[in-house]
Amino acid sequence: MDWIIREHVGKQDQEISVHDGINRSITKAPVHVYQPKGSPGRPVESDVRKASPERKNVNISKPVSVIQLAKGDESEMSCELRFGSYCIWRREHKEDMMDSMVKKLKDRLFVARAYFPSIAKLPVHEKLSREMKQNIQDFERMLSEATTDADLPPHVEDKLRKMETVIARAKSVPAVDCNNVDKKFRQLVDLTEDEANFHTKQSSFLYQLAVQTMPKSLHCLSMRLTVEYFHTSSVVMEDSETEKFVDPKLYHFAIFSNNILASSVAINSTVVHAKDSKKLVFHVLTDRQNYYAMKLWFMRNTFKKASIEVLNIEEYNVIPGSSLPEEFRVTLQSHKLLKMHYETQYVSLFSHSHYLLPEIFKNLDKIVVLDDDIVVQQDLTALWRINMGGMVNGAAEICAVRLGQLDNYLGKTNFNRNSCVWMSGLNVIDLVRWRDHNITTTFRKMVEVLTKEGRLHEATASKASLLTFQDLVYALDDSWVLSGLGHDYGLDLQFIKKFAVLHYNGNMKPWLELGIPKYRSLWFKFLNREDQVLSDCNVIP
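Residues in the sequence shown are numbered from 1 upward in steps of one, following full-length UniProt numbering.
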């Protein structure tokens, strides 16, 4: 089995290439890691789109671009390997063909163009040459004005029959130079393939643009709330619950997010299923641009008796744009029944900002970190009762991927090759053990080492995270988290109900129009639709 890893960093595509032990740091290229037979790791199912009770977390995150592997012909790469979840989305949204006749006319036009140069050189077939030229011009005129069958003129079938008759006569001419016709056909095929490839790349780019760009409605929401914040009386802004924010006896959650709606749904779904909401405290850490909008939103919307604090992460000297969990796409390549098979997953990990947790929450002993692209379906307070056996990070693990399989990707640093890759989304953090192990310092040293190896600084957080927590991760039971709702169309809705947390990792986030329809309803039912600003900004679908 081979692995192609394409990393998404800071909401932009960042990909690193490693092949045959040679580490080349390149933008827009894959990491290719070979997994020999018998290497550790759970076998990969042949059909990842099928949900079953044995299914492990389908873990994942964002990205794309067109790449060719160092070995192997590009024609052997599947669409999903080249373009990621765009191909999944395209298959699911395939429309009925509205231009079958147009395609047939183009096909006949290509054949006529292939024969015409040879026929035109033969004076004895001047009449056939004129007829062929006339038919070619008629087809070109029709196709210049038509993109669907509805645009074609009446009696187009008669014109098609005339063209086919002319082509049949041209094929019967013995003096036709087959080499010239073959050469012309090859030219036309090359042009057609180039055109198809161009449109695929263009569609993939537009898809990525759609999933990585903030929707206009969310931008409107943030701007409206920010303006309104500064028109609100400062008396209203007074927070009377500051004691709760530092009380270690309560249940504390941290959410790193720049998305008002996403963080709101994550909090609301958690509170709705809590047995005692007044003991829940949420700390939303956002950037300076969204800070005031977030603050106003959580002041004017109540979430039962839970307390919510909004913090500006940039006040802690964090690297700009590095506050969100970092995600990368992993494409698994395997051979089954003599056929190449690809499975795509998305993995999300901590960013630079997450390693400020002990500094920000100095009075707390334990905290649960949530990604903003999750929905909670059960009471989470049981997480505080888990005995992690001295481990620092309670997380969902992907044991289909071991660190040893990513050695070229991770660099020359020493690490336990048998360690599973862990996921962000739902993480139980023991801050006491974090401080004892000095995790933040370890992470920063790891970033320095990876940077010295020539890796892009903004691409180091995910690699450093994988290495920093080695042998310090407590594997949460599979029933806690189900991942993949942002890319996997094949999850059964009844199966989904069994999990405490649903993770929408992948490109198709539920707040986007590109989100998977049958999972979006699970997310939208926790959105507070009563706020007038949502209607004003056309947020509610």
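For glycine and all other residues, C-beta sits at the position ideal for the given N, C-alpha and C.
In whole angstroms, what is the alpha-carbon distance linking Ser465 and Ala254? Taking the first residue of the sequence shown as position 1, residue 465 is located at position 465. Taking the first residue of the sequence shown as position 1, residue 254 is located at position 254. Approximately 18 angstroms between the Cα atoms of the pair.
State buried or exposed for Phe298, treating a residue as buried only when at least 16 other CB atoms are found within 10 Å of its CB. Sequence index remark: in the sequence shown, residue 298 carries index 298 (1-based). Buried, by the Cβ-count rule.
For Ser277, which residues in the same chain have their Cβ closer than 7 angstroms to its Cβ, ignoring the five residues on either side in sequence? By one-based count along the sequence shown, residue 277 stands at place 277. Contacts found: Val271, Lys304, Lys305 and Ala306.
Proximity winner among Ser483, Val310, Leu403 and Lys275, relative to Phe469 (alpha-carbon distances): In the sequence shown, the residue the question calls residue 469 occupies position 469. When only C-alpha atoms are compared, the closest one is Leu403.
When we look at the beta-carbon of Asp488 and count the other beta-carbons within 10 Å, is it buried (16 or more) or exposed? On the sequence shown, residue 488 is found 488 positions in, with the first residue counted as 1. So Asp488 ends up on the buried side.
Per DSSP, the bridge partner or partners of Ser307: For this step, residue 307 is matched to residue 307 along the sequence shown. Ser307 pairs with Val281.
Cβ-based neighbour list, Glu530, same chain, cut-off 8 angstroms, excluding 5 preceding and 5 following: Start at 1 with the first residue of the sequence shown, and residue 530 comes out as number 530. For Glu530, where only same-chain residues beyond five positions count, there are no Cβ hits under 8 angstroms.
Let me know the secondary structure DSSP gives Trp384 once reduced to three states. Counting from one through the sequence shown, the residue named residue 384 turns up at place 384. Here Trp384 sits in helix by DSSP.
So the candidates are Val449, Thr148 and Gln208; which of them puts its Cα closest to the Cα of Glu513? Translated into the one-based positions of the sequence shown, residue 513 becomes position 513. If we check each option's Cα against that of Glu513, Gln208 comes out closest.
How big is the Cα-Cα spacing for residue 610 and Asn416? A question about residue 610 goes unanswered here, because the residues of the chain that appear run from 1 up to 541.
For Thr286, which three-state DSSP category applies? Position 286 of the sequence shown holds residue 286. Note: Thr286 maps to strand in three-state DSSP.
In whole angstroms, what is the alpha-carbon distance linking Asn538 and Leu527? Taking the first residue of the sequence shown as position 1, residue 538 is located at position 538. Taking the first residue of the sequence shown as position 1, residue 527 is located at position 527. Those two C-alpha atoms are separated by around 14 angstroms.
Could you spell out where the beta strand (DSSP E) holding Ala395 opens and where it closes? Counting from 1 along the sequence shown, the entry for residue 395 is found at position 395. In this chain, the beta strand (DSSP E) harbouring Ala395 covers Asn393 to Arg402.
Please return the same chain residues whose Cβ sits closer than 6 angstroms to the Cβ of Lys121, not counting the five positions on each side in sequence. Numbered from 1 along the sequence shown, position 121 holds the residue referred to as residue 121. Counting only Cβ-Cβ distances below 6 angstroms, and skipping sequence neighbours, we find nothing.
Simplified DSSP state of His199, which is helix, strand or coil: For the purposes of this step, residue 199 is taken as the residue at position 199 of the sequence shown. His199 falls in the helix class under three-state DSSP.
Just the C-alpha distance for Phe328 and Tyr519, rounded to the nearest angstrom, thanks. Your numbering for residue 328 matches position 328 in the sequence shown. Your numbering for residue 519 matches position 519 in the sequence shown. Cα to Cα, Phe328 sits roughly 22 angstroms from Tyr519.
Beta-bridge pairing of Tyr474 - partner residues as DSSP gives them: What you label residue 474 is simply residue 474 of the sequence shown in a count that begins at 1. In the DSSP output, where bridge partners are listed per residue, Tyr474 has Gly394.
Given Met391, which residues of its chain have a CB within under 8 angstroms of its CB, disregarding the five upstream and five downstream residues? Residue numbering aside, residue 391 sits at position 391 when the sequence shown is read from its first letter. The beta carbon of Met391 sits closer than 8 angstroms to the beta carbons of Asp430, Arg433, Leu472, Val473 and Tyr474 from its chain, once the five residues preceding and following it are set aside; these are given in chain order.
Option in Tyr342, Lys445 and Ser424 with minimal Cα separation from Thr326: By 1-based counting over the sequence shown, the position of residue 326 is 326. Contrary to the premise, residue 326 reads as Glu rather than Thr in this sequence. Cα-wise, what sits closest to Glu326 is Ser424.
Tell me, to the nearest whole angstrom, how far the beta carbon of Phe185 is from that of Met163; I am working on the premise that it is less than 8 angstroms. The count along the sequence shown starts at 1 and reaches residue 185 at position 185. The count along the sequence shown starts at 1 and reaches residue 163 at position 163. Incorrect: roughly 17 angstroms between the Cβ atoms, too far for contact.
Under the rule that 16 or more other beta-carbon atoms within 10 Å means buried, what is Glu343, buried or exposed? Counted from its first residue, the sequence shown places residue 343 at position 343. Looking at its Cβ environment, which holds 16 or more other Cβ atoms inside 10 Å, Glu343 is buried.
Extent of the continuous alpha helix (DSSP H) to which Tyr229 belongs: Position 229 of the sequence shown, counting from 1, holds the residue named residue 229. Where Tyr229 is concerned, the enclosing alpha helix (DSSP H) stretches over Lys216 to Tyr229.
Using 8 angstroms as the threshold, is the C-beta distance between Asn290 and Asn268 below it? As a working note, residue 290 is residue 290 in the sequence shown. As a working note, residue 268 is residue 268 in the sequence shown. The answer is no: Cβ separation not under 8 angstroms.
Identify the residues that DSSP records as bridge partners of Gln345: which are they? Mapped onto the sequence shown, residue 345 falls at position 345. Bridge partners of Gln345 according to DSSP: Val330.
Helix, strand or coil for Cys420, going by three-state DSSP, please let me know. Translated into the one-based positions of the sequence shown, residue 420 becomes position 420. For Cys420, the three-state secondary structure derived from DSSP is strand.
Assign Asn179 to one of three DSSP states: helix, strand, or coil. Position 179 of the sequence shown, counting from 1, holds the residue named residue 179. In the structure shown, Asn179 sits in a helix (DSSP, three-state: H, G or I).
Cβ neighbours of Ser217 in the same chain (closer than 8 angstroms, five flanking residues each side left out): On the sequence shown, position 217 is the one that residue 217 refers to. By the criterion of a C-beta distance shorter than 8 angstroms, Ser217 is surrounded in its chain by Cys537, Asn538 and Val539, once the five residues flanking it on both sides are discounted.
Alpha carbon to alpha carbon, how far is Arg113 from Leu522? Give it in angstroms, no decimals. For the purposes of this step, residue 522 is identified with residue 522 of the sequence shown, where counting begins at 1. For the purposes of this step, residue 113 is identified with residue 113 of the sequence shown, where counting begins at 1. Rounded to whole angstroms, Leu522 and Arg113 show a C-alpha spacing of 55 angstroms.
The alpha helix (DSSP H) enclosing Ile167, as first and last residue numbers: Residue mapping note: residue 167 aligns to position 167 of the sequence shown, counting from 1. If you look at Ile167, you'll find it in the alpha helix (DSSP H) that goes Val156 to Lys171.
Measuring CA to CA, which of His199, Ser479, Tyr115 and Thr192 is closest to Arg130? Locating residue 130 in the sequence shown gives position 130, where the first residue counts as 1. Among His199, Ser479, Tyr115 and Thr192, the Cα nearest to that of Arg130 belongs to Tyr115.
Leu370 lies in the beta strand (DSSP E); which residues open and close that run? For the purposes of this step, residue 370 is taken as residue 370 along the sequence shown, with counting starting at 1. Leu370 -> beta strand (DSSP E) spans Lys366 to Leu370.
Please state if the CB of His252 and the CB of Leu364 are separated by a distance shorter than 8 angstroms. The count along the sequence shown starts at 1 and reaches residue 364 at position 364. The count along the sequence shown starts at 1 and reaches residue 252 at position 252. Pairing Leu364 with His252 gives a Cβ-Cβ distance under 8 angstroms.
For Val401, the nearest candidate out of Val265, Ser264, Trp422 and Val368 (CA to CA): Translated into positions along the sequence shown, residue 401 becomes position 401. Nearest of Val265, Ser264, Trp422 and Val368 to Val401, Cα basis: Trp422.
Measure the C-alpha to C-alpha separation of Gly515 and Tyr504 and round it to an integer number of angstroms. Along the sequence shown, one-based indexing puts residue 515 at 515. Along the sequence shown, one-based indexing puts residue 504 at 504. Their backbone Cα atoms lie some 9 angstroms apart in a straight line.
Which residue from Leu143, Arg288, Phe499 and Ser203 puts its Cα closest to that of Phe110? In the sequence shown, residue 110 corresponds to position 110, counting from 1. When each option's Cα is compared against that of Phe110, the closest is Leu143.
Among Glu195, Leu225 and Leu261, the one whose alpha carbon lies nearest that of Pro215: For the purposes of this step, residue 215 is taken as residue 215 along the sequence shown, with counting starting at 1. Of Glu195, Leu225 and Leu261, the residue nearest in Cα terms is Leu261.
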